[in-house]
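Novice: Handing you a structure now.
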Amino acid sequence: MRRSITLNLSRKTFRLSVFLPLLLGLTAFGALAPAARAQASVSVDSSRQLFAVMCALHAAGFESNVASASFHPVRARLREVLLRKQGPATDALREFYRNHEVTDPAATLARYVSFALVVGPPPTFKYEFSRDELPPDALALENFNEILAAFDREAGIEELWRSVEFEYQREISRAREPVGQIVLVATSYLREVPKPRPGRSFTVIVEPMIGGRTTFRNVGDRYAIMLRPGAELPLDDIRHAYLHFLLDPLPYRYKAATNSKRIFLNYAGRAPRLAAEYKDDFEAFLTECLVKAVELRLSKLSPEKLAAEIGAAEANGFVLVRALHRELVRSFDQSAPPMSLYFADLLRGISIGEEGKRLETIQFAAAESASASAEPATELSELDQWLVEGDRQIAGQDGAAASATFERILEKYPGQPRALYGLAVALVLRGEVEKAKDMFQDLVSATSAGAQASEKKPPFVVAWSHVHLGRIYDLERNRELALSEYRAALAVEGAPDAARIAARRGIEKGTPPPSKKDDAAQRP
Numbered sequence: 000m001r002r003s004i005t006l007n008l009s010r011k012t013f014r015l016s017v018f019l020p021l022l023l024g025l026t027a028f029g030a031l032a033p034a035a036r037a038q039a040s041v042s043v044d045s046s047r048q049l050f051a052v053m054c055a056l057h058a059a060g061f062e063s064n065v066a067s068a069s070f071h072p073v074r075a076r077l078r079e080v081l082l083r084k085q086g087p088a089t090d091a092l093r094e095f096y097r098n099h100e101v102t103d104p105a106a107t108l109a110r111y112v113s114f115a116l117v118v119g120p121p122p123t124f125k126y127e128f129s130r131d132e133l134p135p136d137a138l139a140l141e142n143f144n145e146i147l148a149a150f151d152r153e154a155g156i157e158e159l160w161r162s163v164e165f166e167y168q169r170e171i172s173r174a175r176e177p178v179g180q181i182v183l184v185a186t187s188y189l190r191e192v193p194k195p196r197p198g199r200s201f202t203v204i205v206e207p208m209i210g211g212r213t214t215f216r217n218v219g220d221r222y223a224i225m226l227r228p229g230a231e232l233p234l235d236d237i238r239h240a241y242l243h244f245l246l247d248p249l250p251y252r253y254k255a256a257t258n259s260k261r262i263f264l265n266y267a268g269r270a271p272r273l274a275a276e277y278k279d280d281f282e283a284f285l286t287e288c289l290v291k292a293v294e295l296r297l298s299k300l301s302p303e304k305l306a307a308e309i310g311a312a313e314a315n316g317f318v319l320v321r322a323l324h325r326e327l328v329r330s331f332d333q334s335a336p337p338m339s340l341y342f343a344d345l346l347r348g349i350s351i352g353e354e355g356k357r358l359e360t361i362q363f364a365a366a367e368s369a370s371a372s373a374e375p376a377t378e379l380s381e382l383d384q385w386l387v388e389g390d391r392q393i394a395g396q397d398g399a400a401a402s403a404t405f406e407r408i409l410e411k412y413p414g415q416p417r418a419l420y421g422l423a424v425a426l427v428l429r430g431e432v433e434k435a436k437d438m439f440q441d442l443v444s445a446t447s448a449g450a451q452a453s454e455k456k457p458p459f460v461v462a463w464s465h466v467h468l469g470r471i472y473d474l475e476r477n478r479e480l481a482l483s484e485y486r487a488a489l490a491v492e493g494a495p496d497a498a499r500i501a502a503r504r505g506i507e508k509g510t511p512p513p514s515k516k517d518d519a520a521q522r523p
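Quick note on numbering that gives the first Met the number 0: the sequence shown kicks off at 0 and runs consecutively.
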């Protein structure tokens, strides 16, 4: 099979269209029609929006106390120019920045970078997504569009952009080949032939003004990693981000296989170092573990180094890396289908019984802020053990046993939200949808009376209960009520990404009648 990477070299961007794998790079460029080149899903690019945002940040005083000796020449030169800007729009910008600044510069930067990814080009910088789709850190900068647009005009940012555009193109050109090699190696190992899809893209954004921090973001199907160019690109970070682009959709595509392994999040949740974003979002957790496992296969480590890396991942809470790596070696590497078709088989090779037994005694690393003498992670409490048991029974599609387990929990711990939610899901498995609907309605009610109000409901319980209600109303052909539930799920503060994605899909596509095979799998 011929393997090629095609570059569309325009004045502002290099675009990569990768169809396994890279040979001579430029040889096929002339053969592709412009329409085909325009559909590339992977690109190395600059962003006029991000440039404007970074100019605004520097004009407002972002990291003004940091010495410029280590800056990229573009950043060092422009910072001095931007700090001297004056005018009403610049004053308004600086006031906005002061009112929205947080203590951690990295957190401040993250907000503005997220904003840059969801807005269109000047002169208006209007949002390209609905409010429901905006990431929380971008929502924290409400009304920044108008502030930025006014500053962009007043400060002559377009002229500054033209003055440095050639330097950006030079850095893009330098990044093109190593990024292409990353794409080649990743798609070759996973046996994937990337197919351009409208709205789905992966972009490496070269931005000298961003400093030494490499930032990876995705909003829906738009993935971007933003980095400062230099002699040594953060190739491991780029590969990690690109693997997410390839693998993130799979847990949602294969719901039944994914749900069958959800029990492992209960073990991982005990790890002090596991980020909160993974503890309520099994799909994100599973993909991160798979990305790490694939990285280990691509790194070709010695047995000693491999064992150390897997041990470190487990100590931090990524308890599926070991099993996924084993299945990659044992089954995927010996098979023919691409990962996009093999994913469910990969998960089926993981034994809940064997892995669960091993993980019962795993020792997690202490929280990084804790002292070296901190106690190891404590054993599961009685409540957690019972919840794990109920979740395991749900994963095994045993609605009757799960109902009995969650009812036992509620007898001793009345109003326990996770148990109420688990019982509602178990009722769905048993076909008692009306009873389940009543329970989901109680879980989302802010004024639910009695025992159910005795404990604060976790965001994932409320959000997923709204999603379930939306699906039930869809199946009842009550689209108006379904939409209201999906939108309510999106409005839950702290809702896991998986629930938000499910809600967005419910808004866009509704819930079709489930097949017999996946009838019980349409749940978190």
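Think of the CB as a built atom: it goes at the ideal place given N, C-alpha and C, for glycine as much as any other residue. Since the model is a prediction, treat every value here as computed from it, not as a measurement.
Does DSSP put Ile393 in a helix, in a strand, or in coil?
Specialist: Under the three-state reduction of DSSP output, Ile393 falls in the helix class.
Novice: What's the C-alpha gap between Met53 and Met208?
Specialist: 6 Å
Novice: Cβ atoms of Val112 and Thr202: under 8 Å apart, would you say?
Specialist: no
Novice: Give the single residue among Val184, Gly219, Leu232 whose Cα lies nearest to the Cα of Glu206.
Specialist: Leu232
Novice: Smallest Cα separation from Ser45: which of Ala55, Arg110, Leu116?
Specialist: Leu116
Novice: Distance check for Ala307 and Phe317, CA to CA, integer angstroms please.
Specialist: 14 Å
Novice: Can you list, in chain order, the residues of its chain with a C-beta nearer than 7 Å to that of Arg1? Leave out the 5 residues immediately preceding and following it.
Specialist: Bear in mind that the predicted position of Arg1 carries a pLDDT of just 26, short of 50, making it too unreliable to give a figure here.
Novice: What does DSSP give as the partner residues of Asn217 in its beta bridges?
Specialist: Tyr222
Novice: Short check: CB of Leu246 to CB of Leu289, under 8 Å?
Specialist: yes
Novice: For Ala366 versus Arg272, is the C-beta distance shorter than 8 Å?
Specialist: Cβ atoms of Ala366 and Arg272: closer than 8 Å.
Novice: State yes or no: is the C-beta of Gly229 within less than 8 Å of the C-beta of Glu132?
Specialist: Not closer than 8 Å, so no.
Novice: Compute the distance between the beta-carbons of Val255 and Leu147, then report whether it is under 8 Å.
Specialist: The sequence shown places Ala at residue 255, rather than the Val named in the question. No, they are not a contact pair.
Novice: Restricting to Cα atoms, I'd like to know which of Ala311, Met438, Met338, Thr360 is closest to Leu468.
Specialist: Met438
Novice: Tell me where the beta strand (DSSP E) around Ile349 begins and ends.
Specialist: Careful: Ile349 lies outside any beta strand (DSSP E) and carries neither H nor E.
Novice: Please go through the same chain and pick out, in chain order, the residues whose beta-carbon is closer than 7 Å to the beta-carbon of Ala312, but skip the five residues on each side of it.
Specialist: Lys291, Val320
Novice: When you compare each of Gly430, Arg503, Leu482, Ala435 to Leu419 by their alpha carbons, which one comes out closest?
Specialist: Ala435
Novice: Considering just the uninterrupted stretch of the alpha helix (DSSP H) at Val163, what are its terminal residues?
Specialist: 156–189
Novice: How is the alpha helix (DSSP H) around Ile471 delimited, first residue to last?
Specialist: Ile471 -> alpha helix (DSSP H) spans 458–474.
Novice: State the DSSP-derived secondary structure class of Val290, mapped to helix, strand or coil.
Specialist: helix
Novice: Beta-carbon within less than 8 Å of Leu295's beta-carbon, same chain only, minus the 5 sequence neighbours each way: which residues are those?
Specialist: Leu305, Glu308, Ile309, Val320, His324
Novice: Suppose only complete runs of 4+ residues qualify. What are the alpha helix (DSSP H) ranges in the region 242–330, listed by chain order?
Specialist: List check, alpha helix (DSSP H) in window: 249–252, 254–258, 263–267, 275–278, 281–298, 302–314, 320–329.
Novice: If you pair each beta-carbon of the region 485–497 with each one of the region 458–475, do three or more pairs fall below 8 Å?
Specialist: yes
Novice: Are there three or more Cβ pairs, one per stretch, closer than 8 Å when the region 119–133 is compared with the region 86–106?
Specialist: no
Novice: Run through the DSSP bridge pairs and tell me what Ser444 is partnered with.
Specialist: Beta-bridge pairing links Ser444 to no other residue.
Novice: Which partner residues of Tyr420 appear in the DSSP bridge assignment?
Specialist: DSSP lists no partner for Tyr420.
Novice: Asn142: which of Ser172, Arg152, Gln168, Asn98 sits nearest, CA to CA?
Specialist: Asn98
Novice: Return the residue from the list Pro336, Ala55, Ile393 that minimises the CA-CA distance to Glu157.
Specialist: Ala55
Novice: Please report the residue range of the alpha helix (DSSP H) in which Val112 lies.
Specialist: That run of the alpha helix (DSSP H) goes 104–117.
Novice: In this structure, does DSSP put Gly505 in helix, strand or coil?
Specialist: Correct three-state label for Gly505: helix.
Novice: Just to confirm, is the Cβ distance from Ser40 to Arg196 under 8 Å?
Specialist: yes
Novice: My output table needs one value for Arg196: the three-state DSSP class, helix, strand or coil.
Specialist: strand
Novice: Does the beta-carbon distance from His243 to Thr186 come in below 8 Å?
Specialist: At the C-beta level, His243 and Thr186 stay beyond 8 Å of one another.
Novice: If you drop the 5 nearest sequence neighbours on each side, which residues of the same chain put their C-beta closer than 6 Å to that of Met338?
Specialist: Leu189
Novice: Just the C-alpha distance for Leu409 and Ala403, rounded to the nearest angstrom, thanks.
Specialist: 10 Å
Novice: So, helix, strand or coil for Ser40, using DSSP?
Specialist: coil
Novice: Taking the straight line between their C-alpha atoms, what separation do you get for Gln362 and Phe263?
Specialist: 15 Å
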